[in-house]
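Reading through the C-alpha cells given below for one structure.
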Amino acid sequence: MEKRITFSKWSVGILFAVPQLLLIFTFFYWPAGQAVFWSLTLQQPWGGGNIWVGLDNFKSILANSDYWNSVTISITFAAISTGISMGVGLIFAALTDRQLRGSKIYRVVLIWPYGIAAPASAMAFRFILAPEAGLIAVVNQWWPGIWDPGLDGNAAMASIIAAFSWKYIAYSFIFFLAAFQAIPRSLIEAAAMDGSSVLRRFWDIQFPLITPTIFFLLVINITESFQDSFAIIDVMTSGGPHNSTNLMVYKIYSDGFKGLDFSGAAAQSIILMLLIIVLTIFQFRFIERRVHYG
C-alpha cells in the first residue's frame, strides 16, 4: 500500500512550492508579460518611455514581405530537420536494439552529439562544410562554385539543417532506443518463430508500440527547431546570404538587437510563440489520435 506524505499545515506545502513558482514567474511569466507589453507599445531605441500603439506593430510586421519569407523558411527548416532527425535516429535505434556487433560502442558514440553545445557544433560544421577547405570542398574541384554557403542560399540552408539535425539525431536516438528496449522480447521472439522477417516485425509490432515516443519526439523536435536554431544560424550564416537563413528566431534577434526595433521584435516573439502553440495544438488534435497507448 502506498504511503502519502501529509503536512500538518497547508502553509508548509506552499513553502515547498514557492521556489518553483518564483522560477516560473521570473523566467517565463514575467518575460512573456514584458514581451506582450512591448509588442503593444513603441519602445524608444535610446530610452524615453513607451508610446501605446495597440496592434500597429503586428500590422506592420504582417505587411512585410521579408517577415513572411522568414516564416516560410522557418517552416521549411522545421519540417526537413525534424524529418531527418527522427528518421535517422529511428534507424540507428532500431539497428542498435538488434544488438549487432559493436552496438554498445555505437550507443555511446551516437549519444555524444547531443551533449555538445549548439555554438560548438555549428563552428565544427562551418569548417567541415567550408567551400574552400572543408570535406565538401572536393565537390568544388569537380564543379567549381556548386557549393558555397556564403553565396548560395540553398547551400546555406542545407548547412544549418545538417548542423541542427546532427545534434537532434542523438536526442531522438536516445528516446527511440529506450522505447525499443521497453518492448517485451517475448513478442519479438514469438514473431520471429512464426517466420516474420525483420522488417515485418518492425512494422507490425515495434512501430505501433513506439508511437507514443514518435509523437513526443515530433512535438519536441518541431518546437526546438523554431527555438534552438538561433546559435547555429548566428555562428554559421548570420541569417544570410540574402536572408535565405534568416529564420523567425534569428530575425527577432537581428531586428531587436541590431536594428534596435524592440517593439517589432517583441511582436515577432509573440507571433512565434502563438505559431508554436498552434502547431502543438494541431499535433495533439489530429496526430495523437493515431498514437497507440496500449
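Letter 165 of the sequence shown, counting from 1, is numbered 165 in full-length UniProt numbering, and no numbers are missing. Backbone N, C-alpha and C define an ideal beta-carbon position, used for all residues, glycine too.
- With a minimum length of 4 residues, the unbroken runs of alpha helix (DSSP H) contained wholly in the segment 87–135 fall at 103–111 and 118–128.
- With contacts defined as CB atoms closer than 8 Å, Pro149 and Ser159 qualify as a contacting pair.
- The segment 29–38 and the segment 265–275 touch, with no fewer than 3 CB-CB distances between them shorter than 8 Å.
- The beta carbon of Leu187 sits closer than 6 Å to those of Ile205, all from its chain and outside the five residues before and after it, given in chain order.
- Note on the segment 164–218: whole alpha helix (DSSP H) runs with a minimum of 4 residues are 185–193 and 198–201, in chain order.
- Contact between the segment 226–240 and the segment 111–127 is present: 3 or more CB-CB pairs across the two stretches fall below 8 Å.
- Secondary-structure assignment with DSSP links Trp52 through a beta bridge to Thr41.
- Between Leu218 and His292, the C-beta spacing is not below 8 Å.
- The beta carbon of Arg98 sits closer than 6 Å to no other beta carbon from its chain once the five residues preceding and following it are set aside.
- Excluding its 5 nearest sequence neighbours in each direction, Met157 has C-beta neighbours in its own chain below 8 Å: Ile73, Thr76, Phe77, Ser244 and Thr245, listed in chain order.
- Under the three-state reduction of DSSP, Lys9 is assigned to coil, being neither helix nor strand.
- Taken atom to atom, the span from the alpha-carbon of Trp147 to that of Ile84 is near 21 Å.
- The beta carbon of Gln181 sits closer than 7 Å to those of Asp97, all from its chain and outside the five residues before and after it, given in chain order.
- Just so you know, the alpha carbons of Phe176 and Leu95 end up roughly 11 Å apart.
- Sorting Phe286, Tyr250 and Asp261 by C-alpha distance to the C-alpha of Leu272 places Tyr250 at the top.
- Nearest to Leu55 by alpha-carbon distance, out of Leu42, Tyr67, Gly49 and Asn64, is Leu42.
- Within a 10 Å sphere around the beta-carbon of Asn221 sit 16 or more other beta-carbons, which makes this residue buried.
- Where Gly264 is concerned, the enclosing alpha helix (DSSP H) starts and stops at Phe262 to Phe282.
- Counted as a single uninterrupted DSSP element, the alpha helix (DSSP H) harbouring Val249 occupies residues Met248 to Tyr253.
- Around the Cβ of Ser11, a 10 Å sphere holds fewer than 16 other Cβ atoms; the residue is exposed.
- In the three-state reduction of the DSSP assignment, Trp68 falls in the helix class, which pools H, G and I.
- Closest by C-alpha distance to Gln283, out of Gly256, Gly240 and Ile214, is Ile214.
- Nearest in C-alpha terms to Ile169, of all of Ser196, Thr211 and Gly89, is Gly89.
- Burial is judged here by how many other beta carbons sit within 10 angstroms of a residue's own beta carbon; Pro144 has fewer than 16 and is exposed.
- Arg185 is not a Cβ neighbour of Ala192, given a cutoff of 8 Å.
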